[in-house]
Structures are given as structure tokens and as C-alpha cells.
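Participant:
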Amino acid sequence: MRQSQSIASRIQLFLLTGLLVLGVGCANLAPITEFADISARSAENTGLVTQYVQFPERQKRFQPTDQHSRLDQIARERAAQNERLLLRHTLIAEYMDALGRLASDELVTYDKESDALGKANAHNKFSGESDAGAFGSVSKILFRAATDGWRQKKLRELIGDSNSPFQEVVGALKRIVDQGFAGDIETEEIAIQNHYQTIILSSKDKAGITALEEWRDTRLSEVRARRRAITNYSEVLSKIASGHRTLYDKRDDLDNKDLLQQMSRYAKDLRKLFDTLKNL
Amino acid sequence: MKLTSEEAFQLSRRFRELSVELGNFRFSKWNELSPAQRRTTEDAEWSLLNASSDMITSAVGIVLDETETSLQALQESTNKARRAIRTLKTVRKVIKVATAAVGLAAAIISKDPGAIAKNAKGLFDAATEDDT
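Quick note, the sequences are listed as chains A and B, same order. Sequential numbering of the first sequence, starting at 323, is according to the numbering used here. Sequential numbering of the second sequence, starting at 224, is according to the numbering used here.
1. Once you ignore the five residues that flank B:V268 on each side, which residues in its own chain have a CB closer than 6 Å to its CB?
2. Of the residues A:A365, A:K434 and A:D427, which one's Cα is nearest the Cα of A:L413?
3. Give the C-beta separation of B:I308 and A:R550 to the nearest angstrom, bearing in mind that I take them to be a contact with Cβ-Cβ under 8 Å.
4. Between the segment 241-263 of chain B and chain A, which residues of the former have a C-beta closer than 7 Å to a C-beta of the latter?
5. Do you know how far the Cα of B:I279 is from the Cα of A:D506?
6. How should A:I512 be labelled, buried or exposed, when 16 other C-beta atoms within 10 angstroms of its C-beta is the threshold for buried?
7. Under 7 Å Cβ to Cβ from A:P353, same chain only, skipping five residues before and after it: list those, please.
8. List the residues of chain B that A:A513 touches, going by C-beta distances under 7 Å, in chain order.
9. In or out: A:S556 buried (at least 16 other Cβ within 10 Å) or exposed?
10. If you measure beta-carbon to beta-carbon, which residues of the segment 517-529 of chain A are closer than 8 Å to chain B?
11. Which chain B residues sit within Cβ distance under 7 Å of A:E490?
12. Within this structure, are the beta carbons of A:T387 and B:S275 separated by less than 7 Å?
13. Let me know the secondary structure DSSP gives A:F357 once reduced to three states.
14. Starting from B:V286, find everything on chain A with Cβ-Cβ shorter than 7 Å and list it in chain order.
15. What are the boundary residues of the alpha helix (DSSP H) that A:A394 is part of?
16. Looking only at its own chain, which residues have a Cβ that is under 8 Å from the Cβ of A:A563, when we skip the five neighbours before and after it?
17. Going along the chain, which residues of its own chain have a beta-carbon closer than 6 Å to the beta-carbon of B:L271, five neighbours each way excluded?
18. Could you check whether the Cβ of A:P386 sits closer than 6 Å to any heavy atom belonging to the ligand SAM?
19. Do you know how far the Cα of B:K341 is from the Cα of B:D348?
20. Can you list, in chain order, the residues of its chain whose CB lies under 6 Å from that of A:L569, leaving out five sequence neighbours each side?
21. Beta-carbon separation of A:R538 and B:N273 under 7 Å?
22. A:R400 to A:A425, Cα distance in whole Å?
23. Compute the distance between the beta-carbons of A:Q376 and B:F232, then report whether it is under 7 Å.
24. Can you pull the chain B residues whose beta carbon is under 7 Å from the beta carbon of A:E416, in chain order?
25. A:D427 and A:N350: beta carbons closer than 7 Å?
26. Please list the terminal residues of the continuous alpha helix (DSSP H) segment that includes A:S556.
27. Helix, strand or coil for B:E265, going by three-state DSSP, please let me know.
28. Are A:R573 and A:R473 closer than 7 Å when you measure CB to CB?
29. Confirm, please, whether the CB-CB distance from B:S293 to A:S484 is below 7 Å.
30. Can you tell me where the alpha helix (DSSP H) holding B:E191 begins and where it ends?
31. Give me the residue from A:A529, A:K528, A:D527 and A:L534 with the minimum Cα distance to A:N516.
32. In this structure, how does DSSP classify A:L599 when only helix, strand and coil are distinguished?
33. What residues in its chain sit with their C-beta under 6 Å from that of A:A358, if we drop five residues either side in the sequence?
34. For A:G505, report the span of its alpha helix (DSSP H) as first-last.
35. Using the Cβ count rule (16 or more neighbours within 10 Å means buried), how would you classify A:F384?
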């Protein structure tokens, strides 16, 4: 019994010392997790890559057959790029997922385990029943304070080390979206106009011409919907890059209130854009 | 001389613009052009349009090549973050092990062989539990 009491007093001393050494301030980085989560989900959307790879096949509908072998060649080259393009999406999503999990407070919250440890102490008479609750409460703070500091250091290092390659990879994907995928859309519009206008000008059937004009307008409206999706996806990539740059600039003060409010705004903007990507 | 991605994108735009200009010419002079002239112009339009698509494909390939090093660096950062997450999960496991160890310590102090065996198994389970 004397041994149990000795252990109990040592535990109390340990907890008290720990609290004094670590301080009790724990960060709530939930807005960073929110931003990272929605960024990861947005980056996972690969509909535009599929459209890019399938573009030559769609073009066959509008282009003369003597151009089809050339379109097949472009299709083969794009199919070979498919995996590398998807890898960019996957890696951005995986990085943001890891960033979000590291920023998640759940990772440094040990409430359930601390309660169990407190109960085990009380049950085994290393502390009194009345001390068990206090032990649980203090150890929750203590474990979290100890791990939170380390977690924040790792987050700082992660954001610091990865900002430059992250901006490069996201920036490159944005250039592909803005100039490559958007360029395809312009080509599609031109091809549709050329295809239908040539038939319309060659025709003398007024009813047929009206029907063709309707078809052309339907095709063009489909393409314009895709153009809007491309614009939105480009905006998503801008927000992700800009949000990460903000984190990088403030990485030494991650629990700063202004920073966390900014991250909440980024998350909110991304959620709005995310809803528009569902049709991709 | 190798093209940069920016130059390839610029060329793709230029080919597309030329194709549009030819198309505008063909449609605006439709009645003045012979069917053969229309056909020749139209062929040139499609060729230019596909040259534009070719250039886009090349430009995308160049962008992918240009960012290969950054991609690997980002992969490494992601792996480091995952290792840090695993370490924090280990802390949870350590507390569970400590909880089980408290029971074992009490059993040893009480010199109860049954309780020692039971708590030793509990400690072993906590230590070997999968924390993923």
C-alpha cells in the first residue's frame, strides 16, 4: 500500500512538473484542416483530364475523314500523358490530405486514452477516486501540450519545405488547364462552327438549315458549359496555391487568429467552387 | 532548338487564329470561290486546327517534364508528413500501453499470479495493437 501511495505522489509530481514546463496553450488548427480537406477533394477531380484525352475522338464527329489518322496520332500521344497528368492531381490531393491530417486536432487529442489511464490508476489504488478525475483532466492537457508543440513544428517544416515544389506543381497544372484545356475548348468551338456552317452554306433546304442551326447551338452550349468548368477549376487551383502561400508566409505563427480566419475564408470559397465541379 | 512550353502554347494559339482567319475568309467569299478553292481552304483550316492541337499536346508534355523534379520533392514532403502522423498515432498507443502497464504493476505488487498473467496479456495486446 505504501508503494502504491508513493507511485501516486510521483504521478502527481510528474503531472505538475509537466504542466509547468510545457505551459497549457494548445492550438486549434481546425480551419487549416478544413482548407486542406476541401483542397484535397477538389484536386481529386480529374474530369478535365478525361476530356483532354478524349478530345481527338470528339473532334472526329466534326472533321473530314482524311484528318482522322492525324487525330488518332494526337489521341495516342494524349493517352500516353494520361497517367502523368493524373499523378499531378493525386499528389496534390495526397499532400493536402497529409497536411490536413497533421493539422487535425484529433491527432493530438488523447481524451479517451487519458480517462482510461486515470481510471486504471484509481482502480489499482495508485491514486484515490477523487484524484482519478483530476489525473485524467490534467493528463489530457499534458499529453496534448507535449504533442501539439511537436506537431506544430512538423507542420511548420512541412509547409516550409514543400511550398516551392507545391507552387511549381499546382502552377504547372494551372497552366495546363488555362492554356491547354481551354485551348481545346476554343478548337472545339471553331470545329463546330466550321462543320455546321459549311453544310448550311452548301444547303438549299430551309427546314434542314434551321435544324442544323439548332444542332450547332446545342453543341456550342455544351462546349460553353465545359468552358465554365475549366474557368472554375482554374480558380480552384489559384485558391489552393494562394492558401498554401498564406500558410507559408505565416508558418511561424500557425495559431494566429487572423491566419485561421483567412484559412476559413479560403475553405469557404473552395467549397463554393467545389459544388460547380460536380458536373465535370 | 527545343521549344519551351510557353512557346508551344503560343504557337498553338497562332495556328488556331490562322485557322479562324481562313474560315472567315472562306465563309465571307463563299459565292466567289470555286468548290475546289473552298475545299483547299477548308483542308488548310483543319490542318491548322490540328497543328494547334498537336502543339497543345507538345506543350502539355513539356510542362509535365519541367515539373518532374518538383513533383518528386512534393512526394517526399508528403511522405515526411505521413511519418509525423504515424509518430503522433504512436503516442496514443503508448498511453494505451501505459494504462495496461498500470494494471500489471498493481498485479505484481499484489503478488497475485492470476492477475499478473491476465494483465501481462493486456499489456501485450496494447503493445501489439495495430494503430493504423
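We treat Cβ as the ideally placed atom computed from N, Cα and C, and that holds for glycine.
Facilitator: Quick look at the numbers:
1. Taking the second sequence and counting its residues from 1, the one referred to as residue 268 of chain B is at position 45. This sequence places Glu at residue 268 of chain B; Val is not what is there. Excluding the 5 residues flanking it on each side, B:E268 has same chain C-beta neighbours closer than 6 Å at S242, L245 and G246, in chain order.
2. What you label residue 413 of chain A is simply residue 91 of the first sequence in a count that begins at 1. Ranking A:A365, A:K434 and A:D427 by CA distance to the CA of A:L413 puts A:A365 first.
3. What you label residue 308 of chain B is simply residue 85 of the second sequence in a count that begins at 1. What you label residue 550 of chain A is simply residue 228 of the first sequence in a count that begins at 1. With 8 Å as the limit, B:I308 and A:R550 do not qualify as a contact, their Cβ atoms being about 37 Å apart.
4. Under the 7 Å Cβ criterion, the segment 241-263 of chain B contributes S242, V243, G246, F250 and W253.
5. The residue you call residue 506 of chain A lines up with position 184 of the first sequence. The residue you call residue 279 of chain B lines up with position 56 of the second sequence. For A:D506 and B:I279, the distance between alpha carbons rounds to 8 Å.
6. Taking the first sequence and counting its residues from 1, one reaches residue 512 of chain A at position 190. Looking at its Cβ environment, which holds 16 or more other Cβ atoms inside 10 Å, A:I512 is buried.
7. Here the question's residue 353 of chain A lines up with position 31 in the first sequence. If the five residues before and after A:P353 are omitted, its C-beta is found closer than 7 Å to the C-beta atoms of L582, M585, S586 and A589, all from its own chain and listed in chain order.
8. As a working mapping, residue 513 of chain A is identified with position 191 in the first sequence. Contacts between A:A513 and chain B, judged by CB atoms closer than 7 Å, involve L272 in chain order.
9. Position 234 of the first sequence holds residue 556 of chain A. Answer is buried; the Cβ neighbour count reaches 16.
10. If you check each beta-carbon in the segment 517-529 of chain A against every beta-carbon of chain B, the ones closer than 8 Å belong to Q519, T520 and L523.
11. The count along the first sequence starts at 1 and reaches residue 490 of chain A at position 168. In chain order: T290 and S293.
12. Taking the first residue of the first sequence as 1, we reach residue 387 of chain A at position 65. Taking the first residue of the second sequence as 1, we reach residue 275 of chain B at position 52. Not a contact, by the Cβ cut-off of 7 Å.
13. The sequence position of residue 357 of chain A within the first sequence is 35, counting from 1. DSSP, reduced to helix, strand and coil, places A:F357 within a helical segment of the structure shown.
14. Locating residue 286 of chain B in the second sequence gives position 63, counting from the first residue. Going along chain A in sequence order, the residues near B:V286 (Cβ under 7 Å) are A494, R497 and I498.
15. Within the first sequence, residue 394 of chain A is the residue found at index 72, counting from 1. In the sequence as presented, Ala is not what sits at residue 394 of chain A; that position holds Asp. Here the alpha helix (DSSP H) through A:D394 covers H390 to A425.
16. Here the question's residue 563 of chain A lines up with position 241 in the first sequence. These residues qualify, in order along the chain: F488, Q489, V492, G493 and K496.
17. For the purposes of this step, residue 271 of chain B is identified with residue 48 of the second sequence, where counting begins at 1. The beta carbon of B:L271 sits closer than 6 Å to those of F238, L241 and S242, all from its chain and outside the five residues before and after it, given in chain order.
18. The model on display carries no ligand, and the ligand SAM is accordingly not part of it.
19. Taking the first residue of the second sequence as 1, we reach residue 348 of chain B at position 125. Taking the first residue of the second sequence as 1, we reach residue 341 of chain B at position 118. Going by the C-alpha atoms only, they are around 11 Å apart.
20. As a position in the first sequence, residue 569 of chain A is number 247, starting the count at 1. Same-chain partners within the cutoff: I481.
21. The residue given as residue 538 of chain A occupies position 216 in the first sequence. The residue given as residue 273 of chain B occupies position 50 in the second sequence. For A:R538 and B:N273, no; Cβs fall outside 7 Å.
22. Locating residue 400 of chain A in the first sequence gives position 78, counting from the first residue. Locating residue 425 of chain A in the first sequence gives position 103, counting from the first residue. Whole-angstrom Cα-Cα distance: 37 Å.
23. As a working note, residue 376 of chain A is residue 54 in the first sequence. As a working note, residue 232 of chain B is residue 9 in the second sequence. No, these two residues do not count as a Cβ contact at 7 Å.
24. Mapped onto the first sequence, residue 416 of chain A falls at position 94. Among the residues of chain B, those whose CB is under 7 Å from the CB of A:E416 are T301, following chain order.
25. Residue numbering aside, residue 427 of chain A sits at position 105 when the first sequence is read from its first letter. Residue numbering aside, residue 350 of chain A sits at position 28 when the first sequence is read from its first letter. Cβ distance < 7 Å, so A:D427 and A:N350 count as in contact.
26. What you label residue 556 of chain A is simply residue 234 of the first sequence in a count that begins at 1. K528 to D571 is the span of the alpha helix (DSSP H), which, as asked, contains A:S556.
27. Working through the second sequence from its first residue, we reach residue 265 of chain B at position 42. Residue state, collapsed to three classes: helix.
28. For the purposes of this step, residue 573 of chain A is taken as the residue at position 251 of the first sequence. For the purposes of this step, residue 473 of chain A is taken as the residue at position 151 of the first sequence. If you check the CB distance, A:R573 and A:R473 do not come in under 7 Å.
29. Indexing the first sequence from 1 puts residue 484 of chain A at position 162. Indexing the second sequence from 1 puts residue 293 of chain B at position 70. No.
30. The structure shown does not extend to residue 191 of chain B, since chain B is modelled only from 224 to 355, so the question has no answer here.
31. Translated into positions along the first sequence, residue 516 of chain A becomes position 194. Per the Cα distances, A:L534.
32. Residue mapping note: residue 599 of chain A aligns to position 277 of the first sequence, counting from 1. Here A:L599 sits in coil by DSSP.
33. Against the first sequence, residue 358 of chain A aligns to sequence position 36. For A:A358, where only same-chain residues beyond five positions count, the Cβ hits under 6 Å are M418, L421 and G422.
34. Along the first sequence, read from residue 1 onward, the residue named residue 505 of chain A stands at position 183. Run containing A:G505: A504 to S524, per the alpha helix (DSSP H) assignment.
35. By one-based count along the first sequence, residue 384 of chain A stands at place 62. Note on A:F384: 16 or more other CB atoms within 10 angstroms of its CB, so buried under the neighbour-count rule.
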